[in-house]
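Heads up, the thing below is written out as structure tokens.
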Amino acid sequence: MKILLIDNYDSFTYNLFHLLEQYPNAEVEVKRSDEIDPEGLQNYNAFVLSPGPGLPSESAMLLKLTRDCINTGKVLGVCLGHQALAEVRGAKLKNLHKVHHGLSLKTNVMQGDDPLFRNIPENFMTGRYHSWVIDPTSLPEEIRIIATDDEGNVMAIKYVHKPVWGIQFHPESILTEYGKELIFNWLDA
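Going by my numbering, the sequence shown opens with residue 879, and the numbers climb by one from there.
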């Protein structure tokens, strides 16, 4: 499986790379988001939109690239990438009252039958590094919420008719339980 890991200038990108390369027969390439030729996306089966600084709406290139990936193959958005998946379909983000940087907090799976959470407990600890979350009231019908935190913040989404998932937390963080399993579940889905 050819996987393109899109680097949004984040220090966690290569931690994600090391998780992805453990998947059997995975061929993983890392490219910076502003250095990707959209014409070359057809050469990949799957795309990971990495974490990164700022907001998706601050990068027209990221939003265009996100749309292109959604129309080309399987997608997993992580943190900023998760938010981009929501924004390209018209959803809004809201600022948290408290910044979550380097915190391990509980995530609650709402859709236990979703392949992303196969063999993962309904409640597990996840590493969080963000100050923005998706406003759940702004999500279109084509995106469903599949996990939240104890405060009701959106922690995972799934496009209803496409193999596209987003997670607000960092599966590559040592603070996240079942991070490798989650990545493998996504690749197997």
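For glycine and all other residues, C-beta sits at the position ideal for the given N, C-alpha and C.
Bear in mind the structure is a predicted one, so any value in this text is a computation, not a measurement.
For A964, collect the residues of the same chain with a Cβ closer than 6 Å to its Cβ; drop the 5 residues on either side in sequence, then sort them by chain order. I1012
Do you know offhand how far G951's Cα is from Q989's? Computed Cα separation, rounded: 22 Å.
Looking only at C-alpha atoms, which of K984, S928, P1014 and H979 sits nearest to Y892? S928
Please give the ranges of any alpha helix (DSSP H) in the region 918-970, keeping only runs that are unbroken, at least 4 residues long and fully inside the region. Counting only runs of 4 or more, we get 938-948 and 958-965.
Just mark V977 as buried or exposed, buried being the case when its beta carbon has 16 or more other beta carbons within 10 Å. By the neighbour-count rule (16 or more Cβ atoms within 10 Å), V977 is not buried but exposed.
The beta strand (DSSP E) that contains E905, what's its start and end? In this chain, the beta strand (DSSP E) harbouring E905 covers E905 to R910.
Cβ contact check for the region 931-945 and the region 954-971: 3 or more pairs under 8 Å: yes
Three-way DSSP call (helix, strand, coil) for F1002 in this model: strand
Count the other CB atoms within 10 Å of the CB of I1052; is the residue buried (16 or more) or exposed (fewer)? Flag for I1052 reads exposed.
Less than 9 Å between the beta carbons of D888 and G930, yes or no? Closer than 9 Å, so yes.
Suppose only complete runs of 4+ residues qualify. What are the alpha helix (DSSP H) ranges in the region 1001-1044, listed by chain order? none
Cβ of L1060 within 9 Å of Cβ of I998? yes
In three-state terms, what does DSSP make of G990? coil
In terms of DSSP beta bridges, what is T985 paired with? F1002 and D1027
At what residues does the alpha helix (DSSP H) containing L1060 begin and finish? G1057 to D1066 is the span of the alpha helix (DSSP H), which, as asked, contains L1060.
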